[in-house]
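To convert a position in the sequence shown, counted from 1, into my numbering, add 426.
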Amino acid sequence: AAAAAASAAQSVGLGPTLGEPILLAWLAAFELLEDEDEEVRDATAAAAAAAAGVAVDTQTEQALRRSFAVVALRLARWPPYERYLVRAAAGPPIKTAQLREVIEGLDMVRRLFDREADNHHAEALLLSQLAAAALRQGGILRRVTAQSALDNVLTSAEEAAAALSASQVIPSSGGGGSSGGTHWAGGATNHESAFLPVCRVCLALWALAPACSPLTVSPGVLARVAALDASMAAVELGPMVKAMWGAAKSALAEAGIAGAGGVIAEAAVGAGVGAGVSVGVEEVVDDAFDDAFAHLDPCFLLQ
């Protein structure tokens, strides 16, 4: 199906008639390339490789990566595909109440060998990084779409920060023990349930920032990012999410948010959050964070 749709796209051109079935065929192929059944993956990889113009004996994951990149170029700047890419990169919209419920349930279901976010090769995250890489290369989104998407992803990031803040362990007034929040080692984002949604919104901010540049003409965005940075600094983040947020800040800085002498700090004063969140590009990772995550590529699964 993907091969037939791709051939039709090349010979006739994308339009309202062929566009939808082409997109649906490729989305089905991307899902099947992650299927648990090896025979299904192999058959889909051969069809996708043929449609994308790569060797049919290409390994399954390489077929997914290469075909995804080819489709991004073929369907670039087409509204339904733009919406898919943003959704794939950022994940579903985050709501504070829902994420807080997930976080607060971590301790109730915790087992001795409960799954931490130590294996970050999740299927959803691989597709998110493929989408982010496509967005990041430029020319895939129209500027108006990128700006709207950035606004929506910032909202998800704000909701996530609020959930993390509300779920932090609070020391008890008696000095012994604590009350509220989760006791998960390294913070809630060290658990896969909270790691994936927070990681994906950071990934999407990183990917969308260049398409929205310059951002200095959007004072509302500046103030929101300043407040978000302060919120993230006040919560405990796992090392991977901390690195992903650092990458997002760096991308936003390069897009104009902190480019001219710490614009984030100036916006923060106007937003009433204080001037302690200036993050020039060279400062996005603090000195204490000099470890394997300090220079993490946001699309680390694609490296």
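Cβ coordinates follow ideal geometry from the N, Cα and C atoms, glycine included.
None of the values given here were measured: they were computed from a predicted structure.
6 Å Cβ shell around residue i - same chain, five flanking residues per side excluded
| i | result |
| --- | --- |
| Ser582 | Pro519, Ile520 and Val627 |
| Cys625 | Val667 and Met670 |
| Ala489 | Ala471, Ala474 and Ala475 |
| Val647 | Leu641 |
| Ala630 | Ala515, Ala516 and Val579 |
| Val512 | Ala575 |
| Thr522 | Glu585, Ala588 and Ala589 |
| Ala620 | Ile529 and Ala614 |
| Arg503 | Arg568 |
| Leu556 | Phe494 |
| Asp716 | Reliability fails at Asp716, whose pLDDT of 48 lies under 50, so the model's placement of it is uncertain and the value that follows must be treated cautiously. So no residue of the chain qualifies. |
| Glu508 | Leu567 and Thr571 |
| Arg650 | Leu580 |
| Thr484 | Ala475 |
Whole-number beta carbon distance between residue j and residue i, since they are thought to touch under 8 Å
| i | j | result |
| --- | --- | --- |
| Gly479 | Val496 | 7 Å |
| Ile529 | Ala614 | 4 Å |
| Leu634 | Ala572 | 6 Å |
| Ala733 | Leu622 | One cannot answer for residue 733 here, as it falls past the ends of the chain, which runs 427 to 729. |
| Pro506 | Glu446 | 7 Å |
| Ile566 | Ala677 | The Cβ separation is near 16 Å, so there is no contact. |
| Leu561 | Tyr510 | About 11 Å separates the two Cβ atoms, so there is no contact after all. |
Element boundaries [alpha helix (DSSP H), containing residue i]
| i | result |
| --- | --- |
| Phe719 | Note, Phe719: premise wrong, no alpha helix (DSSP H); not H, not E. |
| Thr581 | Arg569 to Ala592 |
| Lys521 | Counting along the chain, Lys521 falls outside any alpha helix (DSSP H), and DSSP gives it neither H nor E. |
| Thr486 | Thr486 to Arg500 |
| Trp671 | Pro665 to Glu680 |
| Trp452 | Gly445 to Leu458 |
| Glu464 | Glu464 to Ala478 |
Beta-carbon proximity list for residue i, same chain, < 7 Å, skipping 5 on both sides
| i | result |
| --- | --- |
| Ser724 | Correcting the residue identity first, residue 724 is Pro in this sequence and not Ser. These residues qualify, in order along the chain: Ala558, Leu629, Trp632, Met670 and Ala673. |
| Arg526 | Ala589, Ala592 and Ser593 |
| Asp463 | none |
| Ser554 | Ala514, Ala515, Gly517, Arg626 and Leu629 |
| Gln729 | Asp723 |
| Thr486 | Leu459, Arg467, Asp468 and Ala471 |
| Ala481 | Ala475 |
| Gly552 | Note that residue 552 is Leu in the sequence shown here, rather than Gly. Closer than 7 Å at the Cβ level, and outside the excluded window around Leu552, lie Leu727. |
Chain-order list of residues whose beta-carbon lies under 8 Å from that of residue i (same chain, five-residue window excluded)
| i | result |
| --- | --- |
| Gly564 | Pro636 and Ala637 |
| Val466 | Leu458 |
| Phe719 | Pro665, Met666, Lys668 and Ala669 |
| Arg491 | Leu556 and Leu728 |
| Asp577 | Val647 |
Residue i in three-state terms, based on DSSP
| i | result |
| --- | --- |
| Ala614 | helix |
| Ala503 | Going by the sequence as given, residue 503 is Arg instead of Ala. Coil, per DSSP. |
| Gln555 | helix |
| Ala660 | coil |
| Ser604 | With a pLDDT of 44 at Ser604, under the threshold of 50, the modelled position of that residue is not reliable, and the figure given next carries that caveat. Note: Ser604 maps to strand in three-state DSSP. |
| Leu511 | helix |
| Asp461 | coil |
| Pro724 | coil |
| Ile566 | coil |
| Ser619 | helix |
| Val624 | helix |
| Ala637 | helix |
| Gly646 | helix |
| Ala653 | helix |
| Val528 | helix |
| Ala550 | helix |
| Ala516 | helix |
| Ala630 | helix |
| Ala560 | helix |
Minimum Cβ-Cβ distance from residue i to chain C less than 7 Å
| i | result |
| --- | --- |
| Leu728 | In summary, chain C is missing from the structure at hand, where a single protein chain is found. |
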